[in-house]
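Chains as they are written, first to last, in our numbering: chain A, 1 to 294; chain B, 1001 to 1244; chain C, 2001 to 2392; chain D, 3001 to 3299.
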Amino acid sequence: MSSLLSGQLLFAALATGGLYALVAFGLNLIYGTLRLLNVAHGEIVMLGAYAAYWAMTMMGGAPLFALPLAALLLGAFGFALYGGLFRLALSRPALMKRIEGNSLLLFFGVSIILQNAVSLVFSASPRANKADDALIAFADIQTSQSRLMAVAITFLVCLSLAIALKTSWAGRAVRAMIQNRDAAAIVGIPLDRLQAWSFAIGFAVAGLAGALVSLFEQISPFMGFPYTVAAFVVIILGGLGNLAGSLAAGLLLGVVETFGVAATSANWRSILVWGIFILVMLLKPQGLFGGSRR
Amino acid sequence: MSAGLVLEGVGKNFGGLKAVSDVSFAVPEGAIVGLMGANGAGKTTLFALIAGNERPSEGAIRFDGPRIDGLSPDRVVKKGIARTFQIVRPFAGLSVRDNVRVAALYGRGGFAGSAEDWVAAVLDETGLAEQADKPAQALTLSGRKRLEVARALATRPRLLLLDEVLAGLTPTEVAEALVMLRAIQAKHGLAILVIEHVMKALMRLCATIVVLHHGLKIAEGTPEAIAADPAVIEAYLGESAAHA
Amino acid sequence: MLARFSRALLVAAGLAGLGGTAMAQSAPPVKIGFSIAKTGLFAAAAPSQLTAYELWRDQVNAKGGLDVGGTKRRIEFVQYDDQSDPSQAVRIYEKLANDDKVDLLLAPWGTPHHFALAGVLERLKFPMVGNSAASSQLRDIKPGYIWFPTSAIPDRMATELATMMKGQGVKTAAVTGVQLPFSIEIRKFLMPALEKAGIKVVVSQEYPPDAKDLTAVLTQVRNAKPDAILSLSYPNDSVGFMTQAKELGVSAPFQFVLVGPTIDFFPKMFGPAADGLITIGHWSPHQKAWPRAKPFFDAYVAKFNARPDYLDTALAYMSCEILEQAVAKSGLDREKLRAAIAGGTFDTINGPVKFDGVQNAITPTAFLQIQKGEFHLVWPKTVATSDFQPRK
Amino acid sequence: MIRRTAWMWVGLALAMAALPQLGGDYLIGLGITLLMWIALAESWIVLSGMTGYVSFGHAVFYGLGAYVMVVCWNNLPGWAGFLGAGLAAGLFALAIGYPVLRVRGPYFVILTYGLAELVKFLIINTEAALGKFGRLVFGAPPLATLYYLMLGLATLAVLIAWTVRRSRLGLGLAAIREDETAAENAGVPVARLKLIAFALSAAIPGMVGAVMALRSSYFEPLQAFSPTVSFNIVAMAVIGGGDDAPGPILGALFLVLLSELLWAHLPEVYMIILGLLVIGFVLFAPEGLHGRLQRLRRP
């Protein structure tokens, strides 16, 4: 099909994939540094969406005010959660080992709690931000101002994260920590501080992603789960603990979803996504981009 | 066809890295052979190849004639070869008795009497009878090393692969363990291939010693001959001498 | 929000027999039971029905209570979360009837729940007016203890839609839709109906419920330049479809969106971009011939500070009205009540309703159009509150 | 002591068998739900409790069973659909088991979830292509019949879990859970054992799905393959605890009764409590209710 070459599709793939990459990044960061599989990650996205909705609809704020606010709030939440709970647990190795071994179940519990607490407080009715901004067109691509802004922000954030990981001291320290915690501790990397920041940044990025979602989609207390699932698919494709890999895999998933559907038919979308995911797991369990598995 | 274990030009690559290459030697029925070498010499890899945990990249491994390389570990056990692990791997949540029971029920079998009797006998021989109903995670290191041996022995092997079962033990414990191993070997008529860092123990236990260095076999012979072999001395001392 | 929680607590306490003294009524209250999805797949959709029930209860209680064959008795709800699971709903209704000994039943949310309940009601000999269920399969249900006031039944809808499109001079149409029961069923009847009306389907695409990006589908639609775009979608993907269609400049003079536009947030979200959309719905507050319509709308807005869902909330409220009027006539005896519902004609916010078998025999299958933010009935002519206006 | 416990279980089974004679529809319905979760959670522990391969996708077997049943309904005799459901689920597990069970730890958890989703979407697509929009089941057997079928399945599941736990197979599975490599080197044919456990833990959920399709007299893939089914199974097994038959019974009993008490007006609160319970048990009582009780009994 000639339509496969359209810039519109590429733009859509980048928009979707960028969002996946953003959500998955935080999940992978927390897994990498603490070996915790946060199944409640999608609920952080949901909280970010509610924060943005609150800022925009209740307080009448502009998106450029709501987005950083959501990121900040969720970042603070992550920081507090780490300080309040995990620091305590980390001081008890036996407990921490149990937390690590059962993090899926544990965060599954957290996820249920967050969903239903939000449903209790805000009711389960879906809500949505206004989406009536101006349209713009360039080349053969047509889109809205807020979508363009969202894509720009997504890529700016992904790019800065990637660069920070490669070049900054903290980024290198985090990567060292993912490679080998014990060795990292021995060479004097302050694990505790980095872990706290990993939580904060992981949550902030997820919160930002949620705020971006709220610009285009309806939000509800139960909206988070699909993002958890997408993020898991991405980090498995990219390799657990491989942060750059998960950014790439996020984009790849966007491409699969958009171009895969364009090349076949829309009803194949989920079958394609899950089929590819399962094949990769069976054939290349360490992820598409190599990377260490443990 | 010769009885016992025969390695013919066995090699193993991990990625581009040669962990073991072109190693040939034999462990005849009932013999005790020692395997020596510095860390990273490829001893444990060789064990993994023999026991079926890894598949050789080249060469052949035969046991009593037919090839066993490429068989899964449980099939190798059924042929009569059992291994222990250098870093002990007890079934931590199970009782000591159940640890041994697993091996008795899934091993080569064919022992006289009931499985329970066999388990009790193995526990006795390895000095674990009194701790049989404790969970395995409650054992001391020495106890866990014994459990490694007990579990391997319970499969009723004809060849036992012992990977540093003496490492980390106190001198008294080493002496006790040696007595135990000799008794076991004598009673069951086993062949044993043993990796050991405690040199004295190795010298006392084995009739033949094979020396690996960087994945290659550099010497094979009696303990005395090995102790005098210049290549071995070079490999063990030469490097440190060169670095000094 | 806190009020919601404390209200829930109060109700719970009341049920536990702690707060019963507050009710200074001589006649005992009428207990009305139902299940509703508060958790699970339908949790986001079900509140539109619950609000109708709550409004009705409060209105009736404010008037002194439900008229039960002459005596006024306060309404008390016994409600459970069915976790969006039909088999759970089945259990709940068995419990409501046998253990809680409720006097009356209201319907749960969702087609599968209604189907699952049909047999149970038959067995319990307990009449219930359904509401949100819509499927041609409901005609396979033996008439007896369940009725469906909806007129949005897929086969009839498909023919009506095709006829309406033909009347507007539509020659080509793009049909997209999500793979969920209601939309699949409509597609099944719509395709032959369009063909019969001489309308050519230039794009036909289905996508799974978890699809997020619809660009590929929408580009096809854009390239085909159809006279009509029919989006057989549910609220979730209706929003996705509309947002992305707007961005891509995909629009047609005749544009239909199945489920979603009637929910309060939808027109707010899209503002003028939603103008001209057609959707299913047979009720509008603008219909002067239905005197109860506008007061209901106003009372709802006053209570919830949001507009009712023109489809689900209206339907749910209708089912309450039908029950209310039937009980006034027959009292609580189940067989008498059954006869009253089956044989009566009811005055609802949607005009008169009478059942033929399980179906509503009066209310026509109709369509709403958003015109300057207001929902107007534009089809059929007999109930229209405004003329169809092509989208710009 | 052991005899007393055994009598207690027999008594419980008899009480469950007599329940339809004692109670009305509501009680029978509650019984079916309870037995359903017992059957599912017991089946789950045969794989996940005993080998440590935690499945987050057991809904796939449940859904497949339900699908087979509604497809067979009115075309084949009821028992054929019922057995066919179990057979289909078991065969499916055998077919996918070998590659799937090579994946371990968190990878396995997510893989099983993904498999359930894949099958769900394949069936959605098939049904959509057939122009089916949810299938109604007419003429389902009476409630009591379904109850006894479910009682049979739950009993069978309990017996399987109980027997496996005490068999050579169970010991091998425990060895795999504790250390798969060491198990292999002790002669345990791990691939085969895991496959057997997988098939055993799949067949009964298939039949449970078949019965539940009749119970709700409606089939729709999104419902039948809902991840909630998988999650509930895991929650019940974790809270009940351990790798032995009593655990899931206690877990299912506890959660079903709790939800029965709380869902009345506080459904969200019930879910929040469920979340707290899962967290609490994982952190502070990994041995579950069953383990706790045993520890209390043995001072």
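The C-beta atom is built at its ideal place from N, Cα and C for all residues, glycine as well. Since the model is a prediction, treat every value here as computed from it, not as a measurement.
Can you pull the chain A neighbours of residue i, defined as C-beta to C-beta under 9 Å?
i: C:Ala2273; result: Ala131 and Asp132
i: D:Glu3260; result: Chain A residues near D:Glu3260: none, gap ~18 Å exceeds 9 Å.
Out of curiosity, what's the CA-to-CA distance linking residue i and residue j?
i: D:Leu3277; j: D:Leu3034; result: 19 Å
i: D:Gly3209; j: C:Ile2092; result: 20 Å
i: B:Gly1040; j: A:Val110; result: 45 Å
i: D:Phe3219; j: C:Gly2276; result: 36 Å
i: C:Ala2137; j: D:Leu3136; result: Checking the displayed sequence, the identity of residue 2137 of chain C turns out to be Gln instead of Ala. Roughly 8 Å separates the two Cα atoms.
i: C:Asp2309; j: C:Leu2230; result: 21 Å
i: C:His2376; j: A:Gly17; result: 39 Å
i: B:Asp1163; j: B:Leu1007; result: 18 Å
i: C:Ile2280; j: D:Glu3287; result: 54 Å
i: D:Ala3039; j: A:Ala40; result: 28 Å
i: B:Val1210; j: D:Val3103; result: 37 Å
i: D:Ala3237; j: A:Leu85; result: 25 Å
i: A:Arg92; j: A:Pro190; result: 18 Å
i: C:Leu2190; j: C:Ala2158; result: 5 Å
Give a yes or no on whether the C-beta atoms belonging to residue i and residue j are separated by under 8 Å.
i: C:Ser2135; j: C:Pro2154; result: yes
i: B:Gly1042; j: B:Gly1215; result: yes
i: C:Val2129; j: C:Ser2319; result: yes
i: A:Ala200; j: A:Gly78; result: yes
i: A:Gln315; j: A:Ala134; result: What the structure shows of chain A is the stretch from 1 to 294, and residue 315 of chain A is not part of that stretch, so it cannot be assessed.
i: D:Leu3289; j: D:Ala3235; result: no
i: D:Ala3041; j: D:Arg3165; result: no
i: C:Asp2085; j: C:Gly2119; result: no
Against residue i, what residues of chain B qualify as contacts under a CB-to-CB distance less than 9 Å, listed in chain order?
i: D:Thr3181; result: Asn1053, Pro1073, Phe1085 and Arg1089
Can you name the residues of chain A whose CB is closer than 8 Å to the CB of residue i?
i: D:Pro3189; result: Per Cβ cutoff of 8 Å: no residues; D:Pro3189 is ~21 Å from chain A at best.
i: D:Glu3127; result: The contacting residues do not exist; D:Glu3127 stays about 11 Å from chain A at best.
i: C:Leu2248; result: Gln8, Gln142 and Thr143
i: D:Glu3117; result: Val229, Ser270 and Trp274
Quick one: residues in its chain with C-beta nearer than 7 Å to the C-beta of residue i, no 5 flanking neighbours on either side, listed in chain order?
i: B:Arg1067; result: Ala1060 and Ile1061
i: D:Tyr3147; result: Pro3020, Ile3028, Gly3031 and Ile3032
i: C:Thr2071; result: Ala2027
i: A:Thr57; result: Asn129
i: A:Leu95; result: Ala89
i: B:Val1077; result: Gly1107, Arg1108 and Thr1155
Find the residues of chain B that neighbour residue i, judging by a C-beta separation of less than 7 Å, and give them in chain order.
i: D:Arg3168; result: Leu1105
At a CB-CB cut-off below 7 Å, which residues of chain A make contact with residue i?
i: C:Pro2208; result: Asn267, Arg269 and Ser270
i: D:Phe3082; result: In chain order: nothing, as chain A lies at least about 29 Å away.
i: C:Gln2179; result: Asn267
i: D:Gly3275; result: Gly109, Val110, Ile112 and Ile113
Which bits of chain D does residue i rub up against, with CB to CB less than 8 Å?
i: C:Asn2131; result: Here the premise fails: no neighbours, minimum Cβ distance about 17 Å.
Name, please, each residue of chain C whose Cβ falls closer than 8 Å to the Cβ of residue i.
i: D:Met2942; result: Since the first residue of chain D shown is 3001 and the last is 3299, residue 2942 of chain D is not available in this structure.
Give me, in chain order, the residues of the same chain whose beta-carbon lies closer than 6 Å to that of residue i; leave out the 5 immediate sequence neighbours on both sides.
i: A:Ala24; result: Ala231, Val234, Ile235, Ser246 and Gly250
i: D:Ser3259; result: Tyr3270
i: C:Pro2285; result: Ala2293, Lys2294 and Phe2297
i: B:Thr1126; result: Arg1146, Val1149 and Ala1150
Using a beta-carbon distance below 8 Å, is residue i in contact with chain F?
i: D:Gly3024; result: The structure shown has no chain F; the protein chains it does contain are A, B, C and D.
Suppose the cutoff is 8 Å on Cβ atoms and the five residues either side in sequence are ignored; what does the same chain contact list for residue i look like?
i: B:Lys1018; result: Gly1011, Lys1012 and Gly1215
Stretch pair the stretch 1152-1168 of chain B + the stretch 1190-1209 of chain B: three plus CB contacts closer than 8 Å | Cβ pair count under 8 Å is three or more, so yes.
Answer yes if the stretch 2244-2257 of chain C comes into contact with the stretch 2331-2341 of chain C, meaning at least three C-beta pairs across the two stretches below 8 Å, and no otherwise.
-> Contact fails: fewer than three Cβ-Cβ distances are below 8 Å.
contact_flag[the stretch 2138-2149 of chain C, the stretch 2175-2183 of chain C] where n(CB pairs < 8 Å) is 3 or more = Taking one beta carbon from each stretch, the stretch 2138-2149 of chain C and the stretch 2175-2183 of chain C have fewer than 3 pairs nearer than 8 Å; the two do not touch.
Between the stretch 3222-3231 of chain D and the stretch 3108-3119 of chain D, do at least 3 Cβ pairs fall closer than 8 Å?
-> Look at the beta carbons and you see the stretch 3222-3231 of chain D touching the stretch 3108-3119 of chain D: at least three pairs across the two are nearer than 8 Å.
Is the stretch 1016-1027 of chain B in contact with the stretch 270-286 of chain A, if contact means three or more CB pairs nearer than 8 Å?
-> The stretch 1016-1027 of chain B vs the stretch 270-286 of chain A: no contact.
Flag this pair as touching only if the stretch 2358-2372 of chain C and the stretch 2100-2108 of chain C have three or more C-beta atom pairs under 8 Å; answer yes or no.
-> The stretch 2358-2372 of chain C vs the stretch 2100-2108 of chain C: no contact.
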